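Under our numbering, the very last position in the sequence shown is 264; numbers go up by exactly one each time.
Every residue, glycine too, gets a C-beta built ideally from N, C-alpha and C.
Bear in mind that the values here come from a model prediction, so they are computed numbers and not experimental data.
These notes concern the structure reproduced below.
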Amino acid sequence: MKKHILAAALTLSLTGHAIAADDAFSDTQKAQIGEIAADYLRAHPEILIEMSQKLQAQSQEKQMASAAGAALKELDGLLNDPTSPVLHPKGDVAVIQFFDYQCIYCAKVAPTVEQFISQNPNVRFIYKEWPIFGSRWPASVQAAKAGLAIYKDGGADAYHRYHAALYATGHNEGKLLDEDIRQAAVKAGVTTTPKEEVEAMGAALEKNNQLARSLGIQGTPAFFVMPVTGATAENVSVIPGATDLQALQAAVEKARGGVKKGG
């Protein structure tokens, strides 16, 4: 009987199922099962870690599926906002990145993003300035406003230089300085933008914020990958967090209608 109870306890602990009222166990046996399961989990805490990881992965998959569905309703905001900096505008697939200059994970993925952009001249890359740390670190918002103003005045190449220069400082998580922003603008070649024009970019940032909320994303970085035309639930990908080059490339292939053979 004890062996039977132990097997039941392990099954219940591994599957996460509760004991139904009509199960073929007495109240005493059910209590024993609970004690055995608790003892086993205390002796093998890795099971709890594994179960927690699985639940977290399932939750994230559900969130990303929801975000992909929301993206189909927000295509115009994702693909066609004139205030959002764009590289390679003629690309048949678009990668849209939501980011914050003070986000350490955005900083970590920045070299990967640069490598991806250089290797994919036929992929449209769209930057969505989303300074979610602005209430904690004001430079986050200021850097975003300055970037959008530089894009408006100097175009995509100037913005790209500015963007890269800020990440090259290594100053994130509250370390970004006003001087860093000024020097990045110098490297971009756009230093005469009126302060009023920079501050006016707050409206564009709020639009990005509303878009991010509509999409249901909860942090930066976040990537959306989709064909420029013909986006469907099957060919849109949402990639949360600091991803790698392989994942971005796979999402591009998915957007183009399939994965390369052997890939």
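Could you have a look at residue i and say whether DSSP puts it in helix, strand or coil?
i, result
"residue 119", "helix"
"residue 46", "helix"
"residue 195", "coil"
"residue 129", "strand"
"residue 264", "Any reading at residue 264 must be qualified, since the residue scores a pLDDT of 38, below 50, and its modelled position is unreliable; the value itself is stated next. Here residue 264 sits in coil by DSSP."
"residue 237", "coil"
"residue 250", "helix"
"residue 149", "helix"
"residue 22", "For residue 22, the predicted structure reports a pLDDT of 47, less than 50, and the residue's modelled location is therefore unreliable. The matter cannot be settled from this model."
Give me the Cα-Cα distance between residue i and residue j, rounded to the nearest whole angstrom.
i, j, result
"residue 81", "residue 42", "52 Å"
"residue 146", "residue 256", "31 Å"
"residue 170", "residue 75", "34 Å"
"residue 216", "residue 160", "25 Å"
"residue 70", "residue 234", "6 Å"
"residue 232", "residue 39", "48 Å"
"residue 197", "residue 204", "12 Å"
"residue 32", "residue 97", "53 Å"
"residue 218", "residue 28", "46 Å"
"residue 258", "residue 164", "31 Å"
"residue 142", "residue 177", "11 Å"
"residue 89", "residue 121", "9 Å"
"residue 85", "residue 224", "14 Å"
"residue 113", "residue 119", "10 Å"
"residue 100", "residue 144", "12 Å"
Since residue i is in the beta strand (DSSP E), which residue starts that stretch and which ends it?
i, result
"residue 97", "94 to 100"
"residue 223", "223 to 228"
What residues in its chain sit with their C-beta under 6 Å from that of residue i, if we drop five residues either side in the sequence?
i, result
"residue 188", "162, 166"
"residue 175", "138"
"residue 104", "221"
"residue 78", "212"
"residue 110", "222, 243"
"residue 150", "194, 198, 199, 202"
Please return the same chain residues whose Cβ sits closer than 7 Å to the Cβ of residue i, not counting the five positions on each side in sequence.
i, result
"residue 200", "146"
"residue 117", "246, 249"
"residue 192", "186"
"residue 22", "Only weak support exists for where residue 22 lies, its pLDDT of 47 falling under 50; the value from the coordinates is given anyway. Answer for residue 22: no residue qualifies."
"residue 155", "189, 190, 191"
"residue 68", "216, 217, 218, 239"
"residue 252", "226, 238, 240"
"residue 172", "178, 181"
Grab me the residues of residue i's own chain with a C-beta within less than 8 Å of its C-beta, minus the 5 sequence neighbours each way, in chain order.
i, result
"residue 73", "232, 233, 234, 237"
Considering residue i, what are the terminal residues of the alpha helix (DSSP H) in which it resides?
i, result
"residue 182", "179 to 189"
"residue 77", "76 to 80"
"residue 173", "Segment: none, residue 173 is in no alpha helix (DSSP H) and carries neither H nor E."
"residue 215", "203 to 216"
| query | Are at least three pairs of beta-carbons, each pair with one atom in the segment 132 to 139 and one in the segment 180 to 188, less than 8 Å apart? | reply | no
| Can at least three beta-carbon pairs, one atom from the segment 83 to 99 and one from the segment 215 to 231, be found at a separation below 8 Å? | yes
| Sufficient close CB pairs (3 or more, under 8 Å) joining the segment 206 to 215 to the segment 119 to 132 | yes
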